[in-house]
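The listed protein sequences correspond, in order, to chains A and B.
All residue numbers for the first sequence refer to my numbering, where the first residue is 133 and numbers rise by one.
All residue numbers for the second sequence refer to my numbering, where the first residue is 133 and numbers rise by one.
2 protein chains.
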Amino acid sequence: PDQTAADRARERQSRLTKPPGSLGVLEEVAVKLAALQGTPLPRSRPAAALLFAADHAVTRHGVSPYPSAVTAAMVENFLRGGAASSVLCRQLGVPLHVVDVGVLRQPARPPDEGISFRRDPVADEPGGDLRVEDAMSETTFRRALAAGAEEVDKLPDDVRLVMLGEMGIGNTTAAAAVAALLLGRKAEEVVGRGTGVDNAGLARKVEVVGDAVRRLEGAGPERAVQSAGGRDIAALVGAAARAIERRKVVLVDGFIVSVAMLALERMAPGAREWMLFAHRSAEAGHQHVLEALGARPMLDLGLRLGEGSGALTALPLVDAACALHAGMATFEEAGVPDRGQG
Amino acid sequence: PDQTAADRARERQSRLTKPPGSLGVLEEVAVKLAALQGTPLPRSRPAAALLFAADHAVTRHGVSPYPSAVTAAMVENFLRGGAASSVLCRQLGVPLHVVDVGVLRQPARPPDEGISFRRDPVADEPGGDLRVEDAMSETTFRRALAAGAEEVDKLPDDVRLVMLGEMGIGNTTAAAAVAALLLGRKAEEVVGRGTGVDNAGLARKVEVVGDAVRRLEGAGPERAVQSAGGRDIAALVGAAARAIERRKVVLVDGFIVSVAMLALERMAPGAREWMLFAHRSAEAGHQHVLEALGARPMLDLGLRLGEGSGALTALPLVDAACALHAGMATFEEAGVPDRGQG
């Protein structure tokens, strides 16, 4: 982060025609982006949304009310513009990039305009049931990280903001297992209802995560993602790491993406500095992950959909922060008397 | 509100390709708008922003860190596109309508494109110091209400959403006095720092509001606005009343607009049904006003600028709610297996 740019942005904020501090979080966002982008006039656009999709063998334990087939069907829905994140991307003028890193069935048709699709070779590698075995081999884990990085490499240099999302029936179970390992918390503290599992399913989910935690106790962040996560979660880690390397800001979505970001911060301390947090998910475990990251998200709307939908919902706030910072007149420009000058 | 439209909207939400309830507040907003607009596919656009500006004689008591001259200077800033709300309106493609209902000096130049300006005749009537006398005569109060209504009458029929805002040095003092009267609360419970008054100024503000409350104890909502408010606050009441008559939804800004909306609800019970609440202001008294209205705002970003800036910041969330509701595919359309069908 560039302290000089931050100072200049802060100084500019103090001269804009408003009482100091009266734009609250929107001022903080502008100053933070200035520091990260190394300019007193930061930008939120161009922005891009990247979605990583994978299936999870752990669904065999009945941890989700939806069948695994929904992952592939939702990928098709993304590509045809019918999913929440497709709608938001269209509404906001954001290109949507969908990457299959492990979906059981491939889409039948090419994507609509403004949407890209790529099936990464890592999708053909086997995935394990995290309850009893590693979710990935170490090689597959490395390849999933690389799949995420590769998608970020395809983005134009001028992309300022990256929104990451995921689709994968069973992946709140995987994320909860990773969170439990990273935070040293019990399964029941990080397991939530995900897409809306009933009480019996919730109990199974707690058991499954508990078994994974016992199997993997003491695992570091890489091992946690490899053995208890999934290819989607690994790809999120790899994508964020590369985005940050390329000095792009990551606008962090909800529970699953936040778990991936916590893993990244543990692998590469300081990564968190490059993240803006979009929203507080209704998924129970998110709170603990946000606390561990010292994050105060912008929105708290009871969202729990995933797909990057929370990040996309928050993007207009970042747009507003940048537009206000760059577009408002200063007291001097507008000839407005400042306080105490009357 | 149209219960059938609300039911059909709720039913549509249950068929969209997402877990039920996973879009949280965005689902509630879509269903509420459906009820108000009487259609299962509600819209947030066209939207319009109306700003009412007036000076306040109460500034003579040193209740604001800014001189009264700032009101006129900020009106010029709105018209030339340099104020926060001008920037947000431009960013969001929303026409901005500025109405002078009592500013001491008139703008020198016509407004920029996309911005309208009108000086209502009520601006020439005298305003009183609410500490010791009525802020308006009853006739002036009626004319200020009418000024607000008239501006709404100028809006095209198809405008779905109205955002109201205000500009007036001293008007958090007036709003606090009205709030104290409406809520039966002490001055110190509803007085805040406004644009950032210091401790001595805050103490003066509490005294001024306390004096007004003693002078007006037991006043009803109309008398409270007339005698302790200001022409800007009265115009907000009149504008919202007419907007609701014309079946337009009001997206409510922060403290001052909320006080006007509470007065309206007291004058015309049920008006509140037509309001969406944009944000929780950092201004201390807002909390009590929101509670009295039973409102849970969408945003909590520490904003305290006024000018309708909070409503404009929240507009993209209403846009998102409508876009998702109308644009997402249903399970059937997308061929996605619903829960329990696997």
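All residues carry an ideal CB built from backbone N, CA and C; glycine is no exception.
Quiz item: Of all Cβ atoms in chain B, is any one closer than 9 angstroms to the Cβ of T305 (chain A)?
Solution: Translated into positions along the first sequence, residue 305 (chain A) becomes position 173. Answer no: the Cβ-Cβ gap between T305 (chain A) and chain B never drops below 9 angstroms.
Quiz item: Is any beta-carbon of chain A found at less than 9 angstroms from that of K150 (chain B)?
Solution: As a first step, residue 150 (chain B) is located in the second sequence; it is residue number 18 there, counting from the start. Closer than 9 angstroms to some Cβ of chain A, the Cβ of K150 (chain B) qualifies, so yes.
Quiz prompt | chain A contacts made by the segment 408-434 of chain B, where a contact means CB separation under 8 angstroms | solution = A414, M430, L431, D432, L433 and G434
Self-check item: Supposed contact pair S390 (chain B) and V421 (chain B) - C-beta distance, whole angstroms, cut 8 angstroms
Solution: The residue given as residue 421 (chain B) occupies position 289 in the second sequence. The residue given as residue 390 (chain B) occupies position 258 in the second sequence. Rounded, the Cβ-Cβ distance is 5 angstroms, consistent with contact.
Quiz item: Got a sec? Which residues, its chain only, sit under 6 angstroms from G442 (chain B) by beta carbon, not counting five neighbours each side?
Solution: To locate residue 442 (chain B), count along the second sequence from 1; it is residue 310. D385, G386, A410, H411 and L435.
Quiz item: Nearest-angstrom Cα distance between A466 (chain B) and M460 (chain B)?
Solution: Within the second sequence, residue 466 (chain B) is the residue found at index 334, counting from 1. Within the second sequence, residue 460 (chain B) is the residue found at index 328, counting from 1. When rounded, the distance between both Cα atoms is 9 angstroms.
Exercise. Could you name the residues of the segment 457-469 of chain B whose beta carbon sits closer than 7 angstroms to any beta carbon of chain A, in the order they occur along the chain?
Key: G459, M460, A461, E465, A466, G467, V468 and P469
Exercise. Closer than 8 angstroms, Cβ to Cβ, to anything on chain B: give me those residues from the segment 284-299 of chain A, in chain order.
Key: none
Practice problem: Can you grab the Cα-Cα spacing for the pair E283 (chain A) / G333 (chain B), in whole Å? | Solution: Along the first sequence, one-based indexing puts residue 283 (chain A) at 151. Along the second sequence, one-based indexing puts residue 333 (chain B) at 201. If I take the Cα positions, the gap works out to 56 angstroms.
Quiz prompt | Residues that R471 (chain B) contacts on chain A, provided the C-beta gap is smaller than 9 angstroms | solution = By 1-based counting over the second sequence, the position of residue 471 (chain B) is 339. Within 9 angstroms Cβ-Cβ: S196, P197, Y198, P199, V202, T327 and G328.
Self-check item: chain A within 9 angstroms of D364 (chain B), Cβ atoms only
Solution: For the purposes of this step, residue 364 (chain B) is taken as the residue at position 232 of the second sequence. Not one chain A Cβ lies under 9 angstroms of D364 (chain B).
Quiz prompt | Beta-carbon proximity of K337 (chain A) to A216 (chain B), cut-off 9 angstroms | solution = Looking up residue 337 (chain A) in the first sequence gives position 205. Looking up residue 216 (chain B) in the second sequence gives position 84. No, these two residues do not count as a Cβ contact at 9 angstroms.
Practice problem: With 9 angstroms as the threshold, decide whether the Cβ of R212 (chain A) is near any Cβ in chain B. | Solution: Translated into positions along the first sequence, residue 212 (chain A) becomes position 80. For R212 (chain A), the answer is yes, since a Cβ of chain B falls inside 9 angstroms of its Cβ.
Quiz item: Can a CB atom of chain B be found closer than 9 angstroms to the CB of R237 (chain A)?
Solution: Within the first sequence, the letter at position 105 stands for residue 237 (chain A). By this cut-off, R237 (chain A) is not an interface position.
Quiz item: Out of curiosity, what's the CA-to-CA distance linking P401 (chain A) and P353 (chain A)?
Solution: Within the first sequence, residue 401 (chain A) is the residue found at index 269, counting from 1. Within the first sequence, residue 353 (chain A) is the residue found at index 221, counting from 1. Going by the C-alpha atoms only, they are around 11 angstroms apart.
Practice problem: Measuring only between beta-carbons, confirm whether N331 (chain A) sits less than 9 angstroms from chain B. | Solution: The residue you call residue 331 (chain A) lines up with position 199 of the first sequence. So no, N331 (chain A) is outside the interface.
Self-check item: Residue closest to A255 (chain B), alpha-carbon to alpha-carbon, out of B:A138, B:D290, B:D187 and B:V157
Solution: The sequence position of residue 255 (chain B) within the second sequence is 123, counting from 1. Closest by alpha carbon: B:D187.
Practice problem: Examine chain B for any beta-carbon lying closer than 9 angstroms to the beta-carbon of S441 (chain A), and answer yes or no. | Solution: By one-based count along the first sequence, residue 441 (chain A) stands at place 309. It does; some Cβ of chain B falls within 9 angstroms.
Quiz item: Comparing the C-beta of G474 (chain B) with each C-beta of chain A, is any distance below 9 angstroms?
Solution: Reading the second sequence from its first residue, position 342 is the one you call residue 474 (chain B). Annotation note: pLDDT 40 at G474 (chain B) (below 50); position unreliable, coordinate value reported separately. Yes - at least one Cβ of chain A is within 9 angstroms of the one on G474 (chain B).
Self-check item: Cutoff 9 angstroms: P174 (chain A) Cβ touching any chain B Cβ
Solution: One-based indexing of the first sequence puts residue 174 (chain A) at position 42. Output row for P174 (chain A): interface = no.
Self-check item: Minimum C-alpha distance to P253 (chain B) - residue among B:G225, B:F273 and B:D261
Solution: In the second sequence, counting from the first residue as 1, residue 253 (chain B) sits at position 121. Answer by Cα proximity: B:F273.
Quiz item: In this structure, what does DSSP give as the bridge partners for H411 (chain A)?
Solution: The count along the first sequence starts at 1 and reaches residue 411 (chain A) at position 279. Looking at the DSSP assignment, H411 (chain A) forms a beta bridge with A:L431.
Quiz item: Just to confirm, are G280 (chain A) and L368 (chain A) a CB contact at a threshold of 9 angstroms?
Solution: Translated into the one-based positions of the first sequence, residue 280 (chain A) becomes position 148. Translated into the one-based positions of the first sequence, residue 368 (chain A) becomes position 236. In contact: G280 (chain A) and L368 (chain A) (Cβ atoms closer than 9 angstroms).
Quiz prompt | Contacts of L158 (chain A) in chain B (Cβ-Cβ under 8 angstroms) | solution = As a working note, residue 158 (chain A) is residue 26 in the first sequence. Within chain B, the residues near L158 (chain A) are L433, L435 and T445.
Quiz item: Can you tell which of A:A137, A:M299 and A:R471 has its C-alpha closest to the C-alpha of M206 (chain A)?
Solution: As a first step, residue 206 (chain A) is located in the first sequence; it is residue number 74 there, counting from the start. The shortest C-alpha separation from M206 (chain A) is found at A:M299.
Exercise. Reducing DSSP to helix, strand and coil, say where S248 (chain A) ends up.
Key: Mapped onto the first sequence, residue 248 (chain A) falls at position 116. Correct three-state label for S248 (chain A): strand.
Quiz item: L368 (chain B): beta carbon under 8 angstroms from a heavy atom of the ligand SAH?
Solution: Ligands displayed in this structure: none; no statement on the ligand SAH is therefore possible.
Quiz item: In its own chain, which residues sit with a C-beta less than 7 angstroms from the C-beta of A395 (chain B), not counting the 5 before and 5 after it?
Solution: By 1-based counting over the second sequence, the position of residue 395 (chain B) is 263. These residues qualify, in order along the chain: V310, L314, P353, A356, V357 and V369.
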